[in-house]
Structure formats: C-alpha cells, structure tokens
Amino acid sequence: MLAGNYAVEIKNLFYTYPGGFEALKGLSLKVPLNSKTALLGPNGAGKTTLILHLNGIFLPQKGEVYVLGRGVSRKTEKWLKTKVGLVFQDPDDQLFAPTVWEDTAFGPLNMGLERDEVEKRVEKALKQVGAFELRDRAPYMLSCGQKKRAAIAGVLAMGPEIIVLDEPWAFLDPLGQEQIADILNRLHEKGKTIIMATHDVDFAAQWADWVIIIRDGMLVAEGEPSLLTEEEAVSRGGLRYPLITQLFKEAELMENEIPYRLDQGVRAIRNLLKGYRKN
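The letter at position 200 of the sequence shown is residue 196 when you use my numbering, and the numbering goes up by one with no holes.
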C-alpha cells in the first residue's frame, strides 16, 4: 500500500501548547495517496493537533510535515489551504455566513477567483453533498446533519485534493452518519484522499483502507485495517477490537485471518456452517 507517493508524510513532529502541554512527541507517519485513512486513538492522543498541521492552522515547531511532497511552512501556507480541506468536528465552528450559498462561496472568493467560476464551484459542491436545496437557508436553521453537509461543501468548493475530517460522526444519528459516509465514498471514487480522525473502531475497520493509531502524541502502529485484529496494536492504542473481531475471538471460531469487517464475518460464518453441515 505504501509503494509510490504519499499524500502526507510526517517526520519526528513535536508540538507543545502554551502552558507546556506536549501534544505531539516525535510523531512520524505516512498517509498513502488516494487512500481512505482512519486516524484512531483515545482522547488526548493528539489526533486534532495533528490534523491542524495538515492545512497550516498549526505550523511545525519541531519536525517536518510534507503534503503532496511539499514541506509545510509559512511559504507554503497559502498553497496548502487550496490542497487540503479541513472539516471541523462541530460545524458551528465553520459556518458563519448569512446563507449556505454565501458560506460555500467564501473560500473560492478569497482565492481571488472570478465570480462565474465561484458560482460554478459552489453549485457543484452543494450538489455533491445533496445540499443545493439548502442554498438560501441560514446555517442556524439547519439540522446537524445538514450543517455537516454544508461544511463539507464549503471545503469542496476550494477544490482540495485531500479532505480531512475531525470526528465526522459527532452529533449525528445513524441516518446522518450513513449520508456522510456515502458522500465520502463518492469523493474517494473521484480521486480524493480522505483522512478521518475518529473514535469509531467499527466504522474505521469497515471503511478505511489504511489505519493509523496514535497515543500520547506518538505513533503506535500504521497499516491495513487488519491491524485492528492485533492484540498489541489495539491494547497499546487504548482501543477495542471491532465488534465482529470480538465475536470471533471470544467464541474462538478462527485462529487465522480473523474478520474485521462485517462482510468478512458473514463469509467466515457461512464457511463454518458449510463445514458443520458436511460433518
């Protein structure tokens, strides 16, 4: 999976907040280009601090951050914001304009684009997230799920190659979660790299093709989602197994290639039942 280019490469990154709290402690990791990457870790692991480095809100104090092969610094800060779109956990931190249309247009206008181009981008972005009918609504009149979609539209209108989301399921009901997941999958199919910071181990196992586990500002493990079946990575990361993995481990149904996705579990159970019937 790591052969070829990286969307993001972090090398020995440190970050200390005013007051002396050290959030990142020599963190190094890689995000494959065009991947669906889940960033996992307990509260206080450093997930949010890390993703704020990815579009220049935070700049490296010590260490290096590379995005699409370019180092993150004051010199590349403006370029970075056109390449990496960040969706905050709480959409109220992101939506501020009188209408959804104006909010979505804010970024492209600040890029200095012509009005015609801005209007094309806004219309396309709102349609991509199924929010075009909300264009004249005030953000405060929207449901949380609608706000999340509007926030994603504002990011898409900037034309980023990488989309980073901080806890996208926060405050959403199951239907809202499913709608956001569908949007992210469609964006990935169009070639976007998606990076998601989340506590949801089950969704990460089901959705991601690359998993990064951090804890106490340091890397625990990175690799394919099968990592989430490994006791050492899960324990050191302060996580739990995906529920389908827990089922197979506790029932001692299989010793090798334990499922971490639902479809894998269904196939394994069917195969076990076939063997049982034959006997």
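Ideal placement from N, C-alpha and C gives every residue a C-beta, glycine not left out.
query	result
Could you have a look at K186 and say whether DSSP puts it in helix, strand or coil?	coil
I'd like to know whether the C-beta atoms of Q90 and A166 end up nearer to each other than 7 Å.	no
Would you mind stating whether V27 and V4 have Cβ atoms separated by less than 7 Å?	yes
Let's see if you can read the secondary structure: which residues bound the beta strand (DSSP E) around D162?	158 to 162
Look at the alpha carbon of E185 and the alpha carbon of G15, and state the distance between them as a whole number of angstroms.	43 Å
Please state whether the Cβ-Cβ distance between G59 and P156 is less than 7 Å.	no
Pull up the distance between the alpha-carbon of G133 and that of I208, whole angstroms please.	At residue 133 the sequence reads Arg, which differs from the Gly that was named. Spanning the two alpha carbons is a distance of roughly 38 Å.
Taking A149 and V125 to be in contact with their CB atoms under 8 Å, please state how far apart those CB atoms are, rounded to whole angstroms.	5 Å
Give me whichever residues DSSP pairs with F10 in a beta bridge.	K21, K58
Examine the Cβ distances between the region 162 to 182 and the region 110 to 119 and report whether three or more of them are shorter than 8 Å.	no
Nearest to L243 by alpha carbon, out of G219, R266, G141, P255?	P255
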